[in-house]
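These notes are about the structure you will find just below.
There are 2 protein chains.
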Amino acid sequence: MEQALLSNTLCDALAGAETAALRDILDEAHPADLARCLAEQEPAAVWKILSLLPAERRAEVFGYFAADLQVDLARLLSRTQLAQIMFHMSADERADLFNRLSPEQRDALLPGLAQAERDDLLRLSAYPEGTAGAVMTSDYATLPHKLTTREAIEVLRREAPDKETIYQSYVIDSERRLLGTVSLRDLILAPPKTRVEDILVHDVIYARAEDSQAEVAAKIARYDLLALPIVNGGDKLVGIVTYDDALDVVEAEATEDFHKGATVGKLDGSVREAALSLLYRKRVFWLVLLVFGNLFSGAGIAYFADTITANVGLVFFLPLLVGSAGNAGSQASTLMVRALATGDVMLKDWGRMLGRELVVAAALGLTMALAVSGVGVMRGGAELAQVVALAMLFAVMTGGLIGVSLPFMLSRFKLDPATASAPLVTTIADVTGVMIYFSIASIYLPLH
Amino acid sequence: MEQALLSNTLCDALAGAETAALRDILDEAHPADLARCLAEQEPAAVWKILSLLPAERRAEVFGYFAADLQVDLARLLSRTQLAQIMFHMSADERADLFNRLSPEQRDALLPGLAQAERDDLLRLSAYPEGTAGAVMTSDYATLPHKLTTREAIEVLRREAPDKETIYQSYVIDSERRLLGTVSLRDLILAPPKTRVEDILVHDVIYARAEDSQAEVAAKIARYDLLALPIVNGGDKLVGIVTYDDALDVVEAEATEDFHKGATVGKLDGSVREAALSLLYRKRVFWLVLLVFGNLFSGAGIAYFADTITANVGLVFFLPLLVGSAGNAGSQASTLMVRALATGDVMLKDWGRMLGRELVVAAALGLTMALAVSGVGVMRGGAELAQVVALAMLFAVMTGGLIGVSLPFMLSRFKLDPATASAPLVTTIADVTGVMIYFSIASIYLPLH
């Protein structure tokens, strides 16, 4: 028994190896590890090493590369080299890569593929990015329902080398409509002469090709599936999505939402390797947009210039008040964004969630008001303390309610709730915080 | 072919059904859907419906409940009822529930279980929360290596009903040390008289019982595994973690990090159903803690009170400057936190990431400086515009560098990088933003 080599050790070995030792490493390392090490090198160097591998293993390692590197490599390769790699890739990986090639590369590539691959490729690559269709594979096993379980296992044995999974098979009628599914486990468990139709599961959980990948992944996770069948508008089976793709989708979706939570745009692939100009572009948009929100805060302050000049001590508490409102707001929005994403909360729960937040934010606001009133007394006397405590209570409550409402509002208008990021909520809560604070101050405090 | 009922429709049907119709629904619905609908009701009502189900199905639905509801229900049940449910649960779910019971409940329960279950339960429940050991199951299939593939399939057929997966089997020696793995796919593909030892995969990817669940899930995702074997300190096989548990872990980890990104504490289970007092407790700690950070900002402002009184127009740009520094900082920290969590970036990349951020943040800062200098001229003339633009450049750059450094610093001291939440980074960036702004202002602008 031997633990898979830690990537770093493997990468160092790979970088320093002589030809003979290199071959050993290439033969023995897990393709995922090889891909990770190679990804740190220049495309030309990567290809030099890839070309040492047998064709099938080369395609496997290639399949583990990030999309960007695959495209960069594809540019270096001749039509034949690329067609050979694509021939050995799984149907879904192949379609993914094809979608990312330039129109010229696609046109050059197609004649090099066999008819069956070409048709399959064009069919799979027709689905828009982010849909179930774009991530599904056509390498699934189908079974006629009249077979006995022994015959069915025989069919699967013959077909296994070309299928992504044989643990779940699909029984379809002559129109490719899905009649049911049968697991290899049930085939093996049943007496050899049982008919497949007798152990068929009829209430199949499935998704449509135009459904989002997030929904598909959620179904796979919720029902603990190995693979989810995908049907088209005519209810015909067109592919399956396997659990390992669902894992990738869940991770990618979580990363995307996480980034959006700080107004960073969608970023495919590695942050470590991303071009600096790309990182700039993914961050600048919201940063500049939020300037306008903050200018509103500034305008609010300008409006109360007299109150401030008369009581310059007020400014001392300004960061505290707007900061706390923003923090309470981003807590609330984050809870809602994630709950909406995982399906824990739905649009119809809006009212109920607002009611709950009212109670929680009031309790938080009271705690915060107590916490700051002491400081208020010390720095400005009882009157200022009263203003600060009261403003704190209202600012935190308003922040919380904004934080809860924004994700629901976005969701209501079919926008991504994750846009209700911490910076956006903070900026909005800031404006209201400024207004609440100085409004209360101008009521309580003398102007001279 | 019939789509799984949408939860809402199912839940409504369940709530309104007469006894006969209710039985139909209970017989046909997917256990995951039933669990979701039932979770909305009171524990006593849940148990009333659960008790209508056959024992095995009852345990299956029970296994889909959130941990809190399982514990609430366990309190309602007699020792025998609970033991019966636990008998039918999978080994890992059983151990999870056992860990959450009170010491009295545990003591009452153990005598009701068979010896084998009892031993297994005590062994599995000995691992601390969050480790691979706490999520693994002992329901895996082992094979002697001398068998032929035909015999091996026969063994699996007999054992299948009790095993969580038979798609991956483990070959161990007399000391339970792992010799290799064999997939059912390879067993089926090989000619019937092949020996298992000839198709064994020897370079097994495994994890240790004390490894974190996040590491385990990452391995399963990276190597596209159906199940990952878990060994103890003596290299003996003690369990496996299956892909569906990995999916749950990835989702739970992402949720936890996402919540931490807005300083919300770790929250098991539904936000929708969580007690209000729990939500309060999960939010109040950081909210109050950050008060002190904001008081520093306030102190900074107080220090520059003369500058402000002389140029009250400066306050107009205060929210903008500190807001932008905070936003740039939370973007940078969010990118790093997620990259560290997914393994895209490691501790050794700190220097490189800082260098990259320096470039990106400088570009962002320049853009922002240009964007605000126009407003600066309009509201306060060329001199103020110069101050604001210069302060913006430095504030955004400082914010970005703080955002990159904080997750690495936390990681360096073995703390969770996700603690570098947007509110924390924003608060720290606020303080430095205030200092930078007024320092520059007091150099450039006259005090009278």
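Each protein sequence line maps, in turn, to chains A and B.
The first sequence begins at 86 in the working numbering and counts up by one.
The second sequence begins at 86 in the working numbering and counts up by one.
Each residue gets a CB set at the ideal place from its N, CA and C atoms; glycine is no exception.
Values in this document were obtained by computation on a predicted structure and should not be read as measured data.
Collapsed DSSP secondary structure at residue i in the structure displayed
i: residue 162 of chain B; result: coil
i: residue 503 of chain A; result: helix
i: residue 519 of chain B; result: helix
i: residue 397 of chain B; result: coil
i: residue 279 of chain B; result: coil
i: residue 89 of chain A; result: The predicted model places residue 89 of chain A with a pLDDT of 41, which falls under 50 and marks its position as unreliable; any figure quoted below should be read in that light. Coil.
i: residue 539 of chain A; result: The structure shown does not extend to residue 539 of chain A, since chain A is modelled only from 86 through 533, so no value can be given for it.
i: residue 427 of chain B; result: helix
i: residue 386 of chain B; result: helix
i: residue 248 of chain A; result: coil
i: residue 419 of chain B; result: helix
i: residue 354 of chain A; result: coil
i: residue 333 of chain B; result: helix
i: residue 409 of chain A; result: helix
i: residue 308 of chain B; result: coil
i: residue 139 of chain A; result: coil
i: residue 171 of chain A; result: helix
i: residue 181 of chain B; result: helix
i: residue 101 of chain A; result: helix
Supposed contact pair residue j and residue i - C-beta distance, whole angstroms, cut 8 Å
i: residue 483 of chain A; j: residue 410 of chain A; result: 6 Å
i: residue 361 of chain A; j: residue 441 of chain B; result: 6 Å
i: residue 322 of chain A; j: residue 269 of chain A; result: So it is not a contact: roughly 18 Å between Cβ atoms.
i: residue 427 of chain A; j: residue 349 of chain B; result: Actually they do not touch by this definition, with Cβ atoms about 15 Å apart.
i: residue 277 of chain B; j: residue 235 of chain B; result: 4 Å
i: residue 446 of chain B; j: residue 461 of chain B; result: Their Cβ separation, rounded to whole angstroms, is 20 Å, which puts residue 446 of chain B and residue 461 of chain B out of contact at 8 Å.
i: residue 301 of chain B; j: residue 331 of chain B; result: 7 Å
i: residue 534 of chain A; j: residue 170 of chain A; result: The requested residue 534 of chain A is not part of the displayed model; chain A covers only 86 to 533.
i: residue 368 of chain A; j: residue 298 of chain B; result: That pair is no contact at about 32 Å.
i: residue 328 of chain A; j: residue 305 of chain A; result: 6 Å
i: residue 382 of chain A; j: residue 516 of chain A; result: 5 Å
Run of the beta strand (DSSP E) containing residue i, from where it starts to where it stops
i: residue 312 of chain B; result: 312-316
i: residue 187 of chain A; result: Run containing residue 187 of chain A: none; DSSP gives neither H nor E here.
Endpoints, alpha helix (DSSP H) assigned at residue i
i: residue 268 of chain A; result: First-last for residue 268 of chain A: 263-268, but that is the beta strand (DSSP E), not the alpha helix (DSSP H).
i: residue 104 of chain B; result: 104-113
i: residue 347 of chain A; result: Note, residue 347 of chain A: premise wrong, no alpha helix (DSSP H); not H, not E.
i: residue 459 of chain A; result: 435-497
i: residue 131 of chain B; result: 128-135
i: residue 359 of chain A; result: Premise fails: residue 359 of chain A is in no alpha helix (DSSP H) and is neither H nor E.
i: residue 151 of chain B; result: Looking at the DSSP string, residue 151 of chain B is not in any alpha helix (DSSP H), and its letter there is neither H nor E.
i: residue 202 of chain B; result: 200-209
i: residue 530 of chain A; result: Note, residue 530 of chain A: premise wrong, no alpha helix (DSSP H); not H, not E.
i: residue 116 of chain B; result: 116-123
Bridge partner(s) assigned by DSSP for residue i
i: residue 256 of chain B; result: B:228 and B:265
i: residue 216 of chain A; result: A:297
i: residue 292 of chain A; result: A:315
i: residue 321 of chain B; result: B:262
i: residue 286 of chain B; result: B:266
i: residue 511 of chain B; result: According to DSSP, which records beta bridges pairwise, residue 511 of chain B is partnered with nothing at all.
i: residue 233 of chain A; result: A:280
i: residue 222 of chain B; result: B:325
Residue i: CB within 7 Å of a non-hydrogen atom of the ligand PLP
i: residue 383 of chain A; result: This structure lacks the ligand PLP; in fact it carries no ligand of any kind.
Inset, instruction - Pull out every residue of the segment 391-413 of chain A whose Cβ sits closer than 9 Å to any Cβ of chain B, in chain order. - result: Against chain B - using a Cβ distance shorter than 9 Å - the residues of the segment 391-413 of chain A are 393, 394, 397, 398, 400, 401, 402, 403, 404, 405, 406, 407, 408, 409, 411, 412 and 413.
Inset, instruction - Anything in the segment 342-368 of chain B with a Cβ closer than 7 Å to a Cβ of chain A? List those residues in chain order, please. - result: Residues passing the 7 Å Cβ filter: 342, 343, 344, 346, 347, 348, 349, 355, 356, 357, 361, 364, 365 and 368.
Inset, instruction - Name, going along the chain, the residues of the segment 437-458 of chain B whose beta-carbon falls closer than 7 Å to a beta-carbon of chain A. - result: Near chain A, meaning a CB-to-CB distance below 7 Å, the residues of the segment 437-458 of chain B are 441, 444, 445, 448, 449, 452, 453, 456 and 457.
Legend entry - Residues of the segment 197-230 of chain B whose Cβ lies closer than 8 Å to any Cβ of chain A, in chain order: For the segment 197-230 of chain B, the beta-carbon criterion of a distance under 8 Å to any beta-carbon of chain A is satisfied by none of its residues.
Legend entry - Residues, ordered as in the chain, of the segment 479-507 of chain B that lie near chain A by beta-carbon distance below 7 Å: Those would be 507, in chain order.
Legend entry - Positions along the segment 256-276 of chain A whose CB lies within less than 8 Å of some CB in chain B: Cβ contacts with chain B come from 262, 263, 264, 265, 269, 270, 273 and 274.
Inset, instruction - Name, going along the chain, the residues of the segment 234-257 of chain B whose beta-carbon falls closer than 8 Å to a beta-carbon of chain A. - result: Within the segment 234-257 of chain B, the residues whose Cβ lies closer than 8 Å to any Cβ of chain A are, in chain order, 238, 241, 242, 245, 246, 251 and 252.
Inset, instruction - Would you list, in chain order, the members of the segment 283-296 of chain B that have their beta-carbon closer than 8 Å to a beta-carbon of chain A? - result: Taking a C-beta cut-off of 8 Å against chain A, the contacting residues of the segment 283-296 of chain B are 287, 288, 289, 290 and 291, listed in chain order.
Inset, instruction - Determine which residues of the segment 378-389 of chain B have a Cβ less than 7 Å from any Cβ of chain A, and write them out in chain order. - result: The residues in question are 379, 380, 382, 383, 386 and 387.
Legend entry - Interface positions of the segment 174-189 of chain A facing chain B (Cβ-Cβ less than 8 Å), listed along the chain: Cβ contacts with chain B come from no residue of the segment 174-189 of chain A.
Inset, instruction - Select from the segment 458-470 of chain A all residues with a C-beta closer than 7 Å to any C-beta belonging to chain B, and list them in chain order. - result: Listed in sequence order: 460.
Legend entry - Under 8 Å (Cβ pairs) to chain B, residues found in the segment 320-336 of chain A: Correct list: 320, 328, 329, 331, 332, 333, 335 and 336.
Legend entry - chain A contacts from the segment 514-526 of chain B (Cβ-Cβ distance under 9 Å): Against chain A - using a Cβ distance shorter than 9 Å - the residues of the segment 514-526 of chain B are 515, 516 and 519.
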